[in-house]
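To convert, note that position 61 of the sequence shown is 61 in UniProt numbering; the numbers rise steadily by one, no gaps. This report refers to the structure that appears directly beneath it.
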Amino acid sequence: MYLLTFKGLIYSAGGTWLNKGNLMYFGSLIFLFLVVFLIFSEQRTEKTSGLEKVSVQEAKEMIEKGDVFVLDVRTPDEFNSSHIKGATLIPLSNAFGSNLSSESLLKAHIDEVPKEKILVYCRTGRRSDTAGRMLVNAGYTQVYNMVGGIIAWTDAGYPVVSSEDTESEGSHN
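Structure (structure tokens):
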């Protein structure tokens with residue numbers, strides 16, 4: 001009996017090529033090829049998606065450089081309670097029973113978001129991930145989701161302000 005491989009025909013019985021060592025070697029090569037292929041295809045997907053997760057430390061560095069638009073997608077009540085200084089509020093949705101009109105939500109104001117680096121955050125990172133994907137689908141290419149949201153930000157000891165502390169924060173209510 002013969003087996004057809006990429007190297008040609010080999011004997012399956014009594015042949016010197018077909019033994020456990022060679023099968024393990026070729027199996028390992030195929031497995032390694034698949035792993036490398038999956039890693040590179042995943043990296044390509046991450047880079048072309050336009051949405052990148054960043055830690056609160058990375059977010060703070062971006063804010064300190066001043067080259068990022070900071071977008072808070074929480075509710076007005078959450079924003080008024082505490083937010084990152086300089087953040088603009090455009091709520092993602094009517095979370096937590098708030099009664100916002102659809103005209104005040106991100107979907108209605110997405111074209112008002114500058115086409116630059118955007119740092120999106122919410123309370124925990126879930127809504128900001130959804131908002132980030134929405135921005136990417138609208139053609140934005142440099143969108144950063146702050147992992148852990150404002151909870152992780154305050155846990156790291158970074159400063160927040162309340163609307164009472166600021167006079168002219170951006171807001172869409």
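Beta carbons: idealized from backbone N, C-alpha and C, even for Gly.
Length of the line joining the Cα atoms of residue i and residue j
| i | j | result |
| --- | --- | --- |
| Leu135 | Val68 | 15 Å |
| Arg44 | Gly50 | Summary for Arg44: the model assigns pLDDT 43, below 50, so the residue's position carries little reliability, and this model does not support an answer. |
| Gly132 | Tyr25 | 44 Å |
| Ser55 | Leu105 | 26 Å |
| Leu71 | Leu34 | 39 Å |
| Gly86 | Met146 | 15 Å |
| Asp111 | Ser28 | 51 Å |
| Ile84 | Ala138 | 25 Å |
| Phe37 | Thr130 | 28 Å |
For residue i, the nearest candidate out of the options (CA to CA)
| i | options | result |
| --- | --- | --- |
| Arg123 | Val143, Thr141, Pro76 | Pro76 |
| Ile63 | His109, Thr88, Arg74, Ile110 | Thr88 |
| Pro91 | Glu78, His83, Lys85, Val73 | Val73 |
| Lys117 | Asp155, Ile84, Val36, Glu52 | Glu52 |
| Val120 | Tyr144, Gly139, Asn137, Glu112 | Tyr144 |
| Thr141 | Ile151, Ala156, Pro159, Pro114 | Pro114 |
| residue 175 | Thr130, Arg126, Gly139, Asn137 | Residue 175 cannot be examined here, being either before or after the span of the chain that is shown, 1 to 173. |
| Ser155 | Gln57, Ile39, Gly139 | The question names Ser, yet the displayed sequence has Asp at residue 155. Taking only the C-alpha atoms, the option nearest Asp155 is Gln57. |
With 16 other Cβ atoms within 10 Å as the buried cut-off, status of residue i
| i | result |
| --- | --- |
| Gly148 | buried |
| Ser128 | buried |
| residue 237 | Beyond the ends of the chain as shown, which are 1 and 173, falls residue 237; an answer cannot be given. |
Runs of 3 residues minimum, wholly inside the stretch 33–91: which ones carry the beta strand (DSSP E) assignment? Along the stretch 33–91, the beta strand (DSSP E) occurs as fully enclosed runs of 3 or more residues at 51–54, 69–72, listed in sequence order.
Should the stretch 153–163 be called in touch with the stretch 78–87, which here means at least 3 C-beta pairs below 8 Å? Yes: the two stretches touch, three or more of their Cβ pairs being nearer than 8 Å.
Let me know the beta strand (DSSP E) ranges lying completely inside the stretch 101–152, each 3 residues or longer, listed in chain order. Here the runs fully enclosed are 118–121, 143–146.
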